[in-house]
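**Student:** Take this structure, written in structure tokens, and hold onto it; I'll ask about it next.
Number of protein chains: 2
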Amino acid sequence: MNDSIGLIGLGSLGLPLAENILAAGHPLTVYNRTPHKAKPLGDKGATVAASASEVAQTCRYVITLLSDDAALKEVTLTDEFARNLGADGIHISMSTIAPQTARQLAEHHARFDARYVAAPIFGRPAAVAAKQAWVCVSGDAEAKEQVKPILSAIVAQGLYDFGDEPSTANVVKLAGNFMIGAAMEAMAEAMTVAEKNGVSRQALIDMFSSTMFASPIYKNYGTMIARQVYDENVGFRLPLGLKDMNLVLQMASEVKAPMPLAQLVQSRLVSALAKGRENWDWTGLAYGASEDAGTHS
Amino acid sequence: MNDSIGLIGLGSLGLPLAENILAAGHPLTVYNRTPHKAKPLGDKGATVAASASEVAQTCRYVITLLSDDAALKEVTLTDEFARNLGADGIHISMSTIAPQTARQLAEHHARFDARYVAAPIFGRPAAVAAKQAWVCVSGDAEAKEQVKPILSAIVAQGLYDFGDEPSTANVVKLAGNFMIGAAMEAMAEAMTVAEKNGVSRQALIDMFSSTMFASPIYKNYGTMIARQVYDENVGFRLPLGLKDMNLVLQMASEVKAPMPLAQLVQSRLVSALAKGRENWDWTGLAYGASEDAGTHS
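These protein sequences, in sequence, are chains A and B. All letters in the first sequence, in the order written, are residues 8 to 304 by my numbering. All letters in the second sequence, in the order written, are residues 8 to 304 by my numbering.
Next comes the structure, spelled out in structure tokens:
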């Protein structure tokens, strides 16, 4: 069972990841709470397990990609899961979760000699499929060294190591999602004021995303925000964006670091959901600036 | 006098620009309100004029790089200046000013058949010296075509044309400075919360400025904000940052486009000046997030 990989959670990131694991030639065991998502992978050669604990029993490496802290704790913060994972086992936790949850899981698993590596992922589904995501890792040093080549082979174009503390990779992940949200709000306000002054939204972002802000976030999200189309190509839904921004503010409150810009981004997400936009991509938070300016309704 | 260039304003951007104009082989006439700054350029072959109107009389192209709208209007919104500039003359206005000021100047000059091209510049002094700035232009189409090769030869690594309306380049410039301020606040909050969670400020920005935010603003300003050193290498002083953010908010108010993030950035600049930081670089607005979190004082 040395190179067998388990994957728990077959959402928009989990599914392409599963395909990559199979393509890389690893034996794969999957588990999803709603079983119908696992079926097509079973047809492609994956083993479909009946529970998370069963995955831990048969796989040395167990990746989790679940939607939130509660779902993750429900399936992995159990004695059975950690015992089945055992002394050789490594839980590779890729969800965006609170740093506190990461610490809790690492301590829990350690009681059964199992190890926990935090490996949250930056990348939308297409980037995951193309193995072009960026992954930050933290946790047990030896476990990390085993995990890194696997992550490189199945998902990451780049790995960033933030040390031995299991929670720090999640801190970085939350800080990064906050910075993306902040960049979206900045682009939204800039495009709105420019548009009302007769400058095309697209021309504005074409210049900035080719010069001072020549980077993936400003290019890709900038084009979506310029077009104001938020219900196509939905890579990361608004409710998940709000969940993450709530985690950012919770973390900020715990360490006593006021984040007024994070609060602004969170309010945009809350407002978008108040308007029934739960199926929009989270770039849709940018629509708030236009609505406030009376240019869209 | 066909290729003679006048330059009014020898501040931190004007001086390196003057050197570039001389190096490109153009006859150069300079004027600065405080004359001692012009002297070294006179020693290098520039003609030192006694007034802005004299510059307009002897040069076909007159560049202005003055600190604010009031200074610009004082020296160029006069009948004498526009009359001296005349039918062949082009005023190349590179300061960051209100769109309304640009319209006013273009209309004024037109009464004397002189033309106005807005060409505000993105670039700190070192970038200007290296001809690596980005310039957005707008205004009279024929005048712009004459001006573009000059700007490419003396300052710009790239030119972006925003049409015939004289004010639009200034709209873009203000939107861009706002986006820089917003990015600095985002980095400041992200680094502060990360630091209080045990993640190095530099490690955080090293990752982000190499991946999702791999762009000049996040790399260069990010390093300054990670180090928290704001009184060395001062390329753009805090009071000028506040002046620009006030122009952003004034423009936003005029067209009725609420910009809550611009207000937050403006408040950071106001607070920094309240604390006596007028000689800091404007990246120093980032210190506010640290102070609010009790990590610096």
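Every residue gets a Cβ at the ideal spot worked out from N, C-alpha and C, and that includes glycine. Here the structure is a predicted model, which is why all the values come from computation and not from measurement.
Checking 9 Å against the spacing of the C-beta atoms, do K138 (chain A) and V162 (chain A) come in under that value?
**Tutor:** Cβ distance < 9 Å, so K138 (chain A) and V162 (chain A) count as in contact.
**Student:** Mapping the DSSP letters down to three states, classify H98 (chain B) as helix, strand or coil.
**Tutor:** Strand at H98 (chain B).
**Student:** When DSSP labels each residue in this structure, what does Q107 (chain A) get in the three-state scheme?
**Tutor:** Note: Q107 (chain A) maps to helix in three-state DSSP.
**Student:** Output yes or no for whether 9 Å exceeds the beta carbon distance between L35 (chain B) and L29 (chain B).
**Tutor:** Going by C-beta atoms, L35 (chain B) is nearer than 9 Å to L29 (chain B).
**Student:** Please tell me whether N39 (chain A) has its Cβ less than 9 Å away from any Cβ of chain B.
**Tutor:** So, not an interface residue.
**Student:** Which runs of the alpha helix (DSSP H) spanning at least 4 residues fall entirely within the region 160-244 of chain B, listed in chain order?
**Tutor:** You should have 175-202, 208-215 and 229-234.
**Student:** Do the region 211-230 of chain B and the region 179-195 of chain B meet, that is, are 3 or more Cβ pairs less than 8 Å apart?
**Tutor:** These segments touch.
**Student:** Return the bridge partner residues of I70 (chain A) from the DSSP annotation.
**Tutor:** According to DSSP, I70 (chain A) bridges with A:L14 and A:I99.
**Student:** Please list, in chain order, the residues of the region 19-40 of chain B that have any C-beta partner in chain A closer than 7 Å.
**Tutor:** Under the 7 Å Cβ criterion, the region 19-40 of chain B contributes no residue.
**Student:** To which residues of the same chain is T54 (chain B) closer than 8 Å at the C-beta, ignoring the five residues directly before and after it?
**Tutor:** These residues qualify, in order along the chain: P34, L35, T36, V37 and T65.
**Student:** With a threshold of 16 other CB atoms inside 10 Å of the CB of D299 (chain B), please say whether the residue is buried or exposed.
**Tutor:** Buried, because 16 or more other Cβ atoms sit within 10 Å of the Cβ of D299 (chain B).
**Student:** Whole angstroms are fine: how far does the CA of R275 (chain B) sit from the CA of K44 (chain A)?
**Tutor:** Using only the alpha carbons, I get a separation of about 49 Å.
**Student:** Would you mind giving the Cβ-Cβ distance between P173 (chain B) and A125 (chain B), rounded to the nearest angstrom? I have them listed as a contact below 8 Å.
**Tutor:** Yes, P173 (chain B) and A125 (chain B) are in contact; Cβ-Cβ is about 5 Å, under 8 Å.
**Student:** If you draw a straight line from the C-alpha of M8 (chain A) to the C-alpha of E239 (chain A), how long is it?
**Tutor:** Unreliable positioning characterises M8 (chain A) in this predicted model, as indicated by a pLDDT of 43, which lies under 50. The coordinate reading is nonetheless provided below. Answer to the nearest angstrom: the Cα atoms are 41 Å apart.
**Student:** Taking the alpha helix (DSSP H) that G49 (chain A) falls in, what are its first and last residues?
**Tutor:** G49 (chain A) -> alpha helix (DSSP H) spans K46 to D50.
**Student:** Report the CB separation of R110 (chain A) from H116 (chain A) in whole angstroms; it is logged as a contact under 8 Å.
**Tutor:** Not a contact, Cβ separation roughly 11 Å.
**Student:** Can you look up L84 (chain B) in the DSSP assignment and give me helix, strand or coil?
**Tutor:** Residue state, collapsed to three classes: coil.
**Student:** Start and end of the alpha helix (DSSP H) containing S145 (chain A)?
**Tutor:** Counting along the chain, S145 (chain A) falls outside any alpha helix (DSSP H), though it belongs to the beta strand (DSSP E) covering A140 to G146.
**Student:** Report the residue from A:Y167, A:G49, A:A281 and A:S102 whose alpha carbon sits nearest the alpha carbon of D75 (chain A).
**Tutor:** It is A:S102.
**Student:** Taking the continuous alpha helix (DSSP H) assigned at A133 (chain B), which residues delimit it?
**Tutor:** Element bounds for A133 (chain B): P132 to A136.
**Student:** Which same chain residues end up closer than 8 Å to A182 (chain A) when comparing Cβ atoms and leaving out the 5 residues on each side of it in sequence?
**Tutor:** Only V255 meet the Cβ criterion.
**Student:** If you reduce the DSSP assignment to three classes, tell me which class A300 (chain A) lands in.
**Tutor:** Three-state DSSP puts A300 (chain A) in coil, outside helix and strand.
**Student:** Under the three-state reduction of DSSP, which class applies to L20 (chain A): helix, strand or coil?
**Tutor:** It is coil, neither helix nor strand.
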